[in-house]
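These notes concern the structure reproduced below.
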Amino acid sequence: MNDRIVFEDVSKFYGEILGVNRINLSIPAGITSLVGPNGSGKTTLMNLMTGLVRPTRGRIQVLDYKTDDPENLFKILGYSTQFDAFPKGLTGFQFVYSYLRLAGRTSESAEQMAWRAIERVNLVDAARRNVAGYSKGMRQRIRLAQALAHDPKVVVLDEPLNGLDPLARSEMIALFRSTAAQGCYVIISSHILHEVDVISDQVILLSNGYVVAEGPIHNVRSEIQEHPTQILIRCSQPRELAAKMFEYPQTIEVSIHKDEGGLLLKTRDADRFYLTLNEMAVNGIDIESIAPADDDVLSVYEYLIGNEEAVR
Amino acid sequence: MKKTVKGIWWAQIKAVIRLEMKKTFFAKRGLWIYLVAALPVLLFIAYAIATSSQQNRSASVARQGVKRLAYQDLLAVKPGMTSEEVMAILGKPPITFHWTEDRPTQDGTNGSIRVNHEDFHYSDGQNDLFVGLANGKVESLNIRQGINLGQDSIMFAAVFQFFFLRLAVFFGCLGIFMNLFRGEILDRSLHFYFLAPMRREVLMAGKFLAGLLATCTIFGLSEVLQTIAFVWHFPPGVRDYYLYHNHGLEYAAIYLGVTLLACVGYGAFFLVAGMMFRNPILPAAAILIWEGINPFLPSVLRQFSVIYYLKSFCPVDIPASPGTPAVFALLISNSNPVPAATAILGILIVALIALYVSSVQVRRMEINYTTE
Ligand SMILES: Nc1ncnc2c1ncn2[C@@H]1O[C@H](COP(=O)(O)OP(=O)(O)O)[C@@H](O)[C@H]1O
Ligand SMILES: [Mg+2]
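Taken in sequence, the protein lines are chains A and B. So the first sequence is numbered by this note's numbering: it starts at 86 and just counts up by one. So the second sequence is numbered by this note's numbering: it starts at 242 and just counts up by one.
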């Protein structure tokens, strides 16, 4: 009996292109947000979780099920994808209804469950109309209704707030909360952190296919703020600089380059470093270049939480 | 417990078929399939109309005659008879035509002799006899048969083998079965099925059956209509004779059976092809060529083909007229027909192999269309 969604060293490559790499996760019940800029691998992670794509490496388990067992997996899982195409010619009701028929429900129970789900997403009035005529927000909701229709324990929603107006957003957020309150696993993705941070029990930050931070939202926030900065320095006396930096507890790691012409420094206090560096420069150390070694991660954080909170 | 699992599978298959029917039967893209299925029907209707207007003419000629004639009577006229002898057998001709000709003399001089021609047209109501007389003697005889069952069934067989089976059913199955998965990958809606708590194999079975339902209905109906159009213009006596004493009904049933088997065989082939290839042209051409060169293959390979078995069934052999290039003769010849049971089994096994490959394929399938 497994009560988590587990990724063990999972990688997915689309041919040469990296989707996600070396993902290790263990997701408990509650609302979990996957946050990252476009192309960071959110959809890939969700498709892996639901078996729509297979991992190139690694192992995935959703509660007690393998992802290559759709017959059982989707009994407990509902997925509202980011794919915006629908089977042709269906009304909103028929879309949800036929999904339930595919699940093997009788016509009466499918009809009843479909209407209940459509009510939950507040789309009763439009349900008899063809999906082809829906607005983006309506399509978003009918997909949500389909994902929730069979009362799944795990609900995976890819950018569910995208395309919704503020009122609809707060309705949907209330829906996520009530679903999570029933003990469900609600996984939502977003490329805007502040859109989901207040409702999330945990956040997973993705960048370029890697998980860069994970955990309860306040932990992630402080992790971002305390995130060690890596700095590459080319200078004439790297050993002296290293010795000086080791006097400060915020310094985590220093490694001198083989050619004795530079060093890599990992510190939680970049300001202190720059100050020290300035002092030493005055005292005759010859500095060739300074460059942050992990610019990518920094820029992601800036993008996600806004400049005022970013490191540096 | 096992029974309920199977019950759910069956319910799911039916749900898939219901969703697929719209696409297999009513897709705008698939309109041409109805056209190719209708083409041979139209051909036989046109043929029936032409033949029956000919029949009406013959009947009216027969009515105008002074004697009621039988086919035997028409055959009794021989070259060299005088016009009196002809009229003694057949009566005064209902239609006559006179003309004269100046025939050059044979002896090399520039002179000529006048020849008086008389043409008589008789009919027994179905078959026409044209008698050409020169100076009162029968010079030419020409019988036009109203209905020639032998020739007509060869025509039917040729249309069936060369147009219907090898082209219409072949490309119809291509259009429908190849699009079962490919079509939904192209319009990016396949994930809808993949999100349901359903085995992928069950989905595949449902789609295959939906394709079978459509192709069997369309082409089975076409075959039935072709047969009706084909026998429709026969006079009632001939029709009964053809249907009940000349294997007509039996052949019709066999042709229908072959059509349905072709849908199963080609359907399974194209289902796999549609999953393995993005571009339908290449596999279609490959299968067409494979089926085309079938007669030239070693017998082991020949068995992995649909047409190999179907050809064994076709009840009417198409005679290769002398002078047919050997290549074509091989195409139509039925050198080593397999027994019916073996042929049915063969097609079913070929289809099962194809379905097995596609079930492996469907389990490995990924949604690879992107979100943007
Ligand atoms: N089907 C695909 N084929 C090739 N590359 C893909 C495919 N799907 C996603 N990718 C690539 O994988 C990376 C992650 O994409 P995706 O998971 O869609 O990110 P997100 O959902 O966060 O925007 C991107 O670089 C994207 O271009
Ligand atoms: Mg995405």
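Backbone N, C-alpha and C define an ideal beta-carbon position, used for all residues, glycine too. Here the structure is a predicted model, which is why all the values come from computation and not from measurement.
Checklist entry - For a contact meaning CB atoms closer than 7 Å, what does L272(B) contact in chain A? => result None at all; the shortest Cβ gap to chain A is about 15 Å.
Checklist entry - Counting only beta-carbon atoms, is T264(A) nearer than 8 Å to chain B? => result Chain B, which has no Cβ nearer than 8 Å to the Cβ of T264(A), makes this no.
Checklist entry - Listing by chain order, which chain B residues have their CB less than 7 Å from the CB of T117(A)? => result The contacting residues do not exist; T117(A) stays about 20 Å from chain B at best.
Checklist entry - Any heavy atom of ligand 2 closer than 7 Å to the CB of Q167(A)? => result Within 7 Å of the C-beta of Q167(A) there is at least one heavy atom belonging to ligand 2.
Item to check | Any C-beta of chain B under 8 Å from that of A170(A) | outcome: Output row for A170(A): interface = yes.
Checklist entry - Would you call the CB atoms of F168(A) and T141(A) closer than 8 Å? => result Not a contact, by the Cβ cut-off of 8 Å.
Checklist entry - For R144(A), does the count of other Cβ atoms within 10 angstroms reach 16, so buried, or fall short, so exposed? => result Residue environment for R144(A): exposed (fewer than 16 other C-beta atoms within 10 angstroms of its C-beta).
Next on the checklist: Please identify, using Cβ separations under 9 Å, the residues of the segment 590 to 612 of chain B that lie next to chain A, in order along the chain.
Outcome noted: With the criterion set as a beta carbon lying under 9 Å from some beta carbon of chain A, the members of the segment 590 to 612 of chain B are R604, R605, E607, I608, N609, Y610, T611, T612, in sequence order.
Next on the checklist: So the candidates are R319(A), L290(A), R186(A), Q179(A); which of them puts its Cα closest to the Cα of R213(A)?
Outcome noted: For the residues R319(A), L290(A), R186(A), Q179(A), the minimum Cα distance to R213(A) belongs to Q179(A).
Next on the checklist: Taking its Cβ as the centre, do 16 or more other Cβ atoms sit within 10 Å of G478(B), making it buried, or is it exposed?
Outcome noted: Exposed is the label assigned to G478(B), since fewer than 16 other Cβ atoms lie within 10 Å of its Cβ.
Checklist entry - Which residues, in order along the segment 182 to 215 of chain A, keep a beta-carbon less than 7 Å from a beta-carbon of chain B? => result So the close ones are S183, Y184, R186, L187, A188, G189.
Next on the checklist: In chain order, what are the residue ranges of uninterrupted alpha helix (DSSP H) at least 4 long that sit wholly in the segment 172 to 214 of chain A?
Outcome noted: 177 to 187, 192 to 205, all fully within the segment 172 to 214 of chain A.
Checklist entry - What are the start and end residues of the beta strand (DSSP E) that includes T314(A)? => result Its beta strand (DSSP E) spans residues 314 to 320.
Checklist entry - Comparing the C-beta of K243(B) with each C-beta of chain A, is any distance below 8 Å? => result In this predicted model, K243(B) has a pLDDT of only 48, less than 50, meaning its place in the structure is not dependable enough to derive any value.
Checklist entry - What is the residue span of the beta strand (DSSP E) that K351(A) lies within? => result Its beta strand (DSSP E) spans residues 347 to 352.
Item to check | Identity of the residues DSSP links to S118(A) by a beta bridge | outcome: Paired residues: I273(A), V288(A).
Next on the checklist: So, does the segment 308 to 318 of chain B touch the segment 292 to 299 of chain B, judging by three or more C-beta pairs under 8 Å?
Outcome noted: They do not touch, by the three-pair rule.
Item to check | Assumed close pair L370(B), L315(B) - CB separation to whole angstroms, cut-off 8 Å | outcome: Going by Cβ atoms, the distance from L370(B) to L315(B) rounds to 4 Å, so yes, they are a contact pair.
Checklist entry - With DSSP run on the structure shown, which of helix, strand or coil describes R142(A)? => result Strand, per DSSP.
Next on the checklist: Checking 8 Å against the spacing of the C-beta atoms, do T264(A) and V283(A) come in under that value?
Outcome noted: Taking 8 Å as the Cβ cut-off, T264(A) and V283(A) do not qualify as a contacting pair.
Checklist entry - Is the segment 99 to 108 of chain A in contact with the segment 147 to 155 of chain A, if contact means three or more CB pairs nearer than 8 Å? => result For the pair of segments examined, the segment 99 to 108 of chain A was found not to touch the segment 147 to 155 of chain A: the number of CB pairs separated by less than 8 Å stays below three.
Next on the checklist: Please classify R344(B) as buried or exposed, where buried requires at least 16 other C-beta atoms within 10 Å of its C-beta.
Outcome noted: Exposed, since its Cβ has fewer than 16 Cβ neighbours within 10 Å.
Checklist entry - Between the Cα of T129(A) and the Cα atoms of R324(A), P313(A), G104(A), K151(A), which residue gives the shortest distance? => result From the listed residues R324(A), P313(A), G104(A), K151(A), the smallest Cα separation to T129(A) is found for G104(A).
Item to check | Environment of L283(B) [buried if 16+ CB atoms lie within 10 Å] | outcome: Exposed.
Checklist entry - Which residues, in chain order, sit with a beta-carbon under 6 Å away from any heavy atom of ligand 1? => result Taking each Cβ in turn, the ones that pass are Y99(A), I102(A), G104(A), G121(A), N123(A), G124(A), S125(A), G126(A), K127(A), T128(A), T129(A), N609(B), T611(B), T612(B).
Item to check | C-beta contact flag for G189(A) and Q253(B) at 8 Å | outcome: In this structure, G189(A) places its C-beta atom within 8 Å of the C-beta atom of Q253(B).
Next on the checklist: Short of 8 Å in beta carbon distance, which residues of its chain neighbour R543(B), apart from the five on each side in sequence? Order them along the chain.
Outcome noted: Excluding sequence neighbours, R543(B) sits near N535, P536, Y549.
Next on the checklist: According to DSSP, I341(A) sits in a beta bridge with which residue or residues?
Outcome noted: In the DSSP assignment, the residues bridged to I341(A) are L348(A).
Next on the checklist: Can you tell me whether R397(A) is helix, strand or coil according to DSSP?
Outcome noted: Confidence in R397(A) is poor, its pLDDT being 33 and thus under 50, which makes the residue's placement too unreliable to answer from.
Next on the checklist: At the level of alpha carbons, what is the spacing between E394(A) and M262(B)?
Outcome noted: A caution first: E394(A) carries a pLDDT of 40, below 50, which makes its placement in the model too unreliable to give a value.
Checklist entry - Comparing the C-beta of R139(A) with each C-beta of chain B, is any distance below 8 Å? => result Closer than 8 Å: yes.
Checklist entry - Buried or exposed: which applies to N368(B), given that a residue is buried once 16 or more other Cβ atoms fall within 10 Å of its Cβ? => result Around the C-beta of N368(B), 16 or more other C-beta atoms lie within 10 Å, and the residue is accordingly described as buried.
Item to check | Best match in A317(B), F422(B), N383(B), Y507(B) for proximity to R519(B) [C-alpha to C-alpha] | outcome: Ranking the options by Cα distance to R519(B), first place goes to F422(B).
Next on the checklist: Rounding to the nearest angstrom, what Cα-Cα distance links G387(B) and F471(B) in this structure?
Outcome noted: Taking the straight line from one Cα to the other gives about 14 Å.
Item to check | Where the beta strand (DSSP E) through T611(B) begins and ends | outcome: Run containing T611(B): none; DSSP gives neither H nor E here.
Checklist entry - Out of curiosity, what's the CA-to-CA distance linking S353(B) and Y363(B)? => result S353(B) and Y363(B) have their C-alpha atoms some 32 Å from each other.
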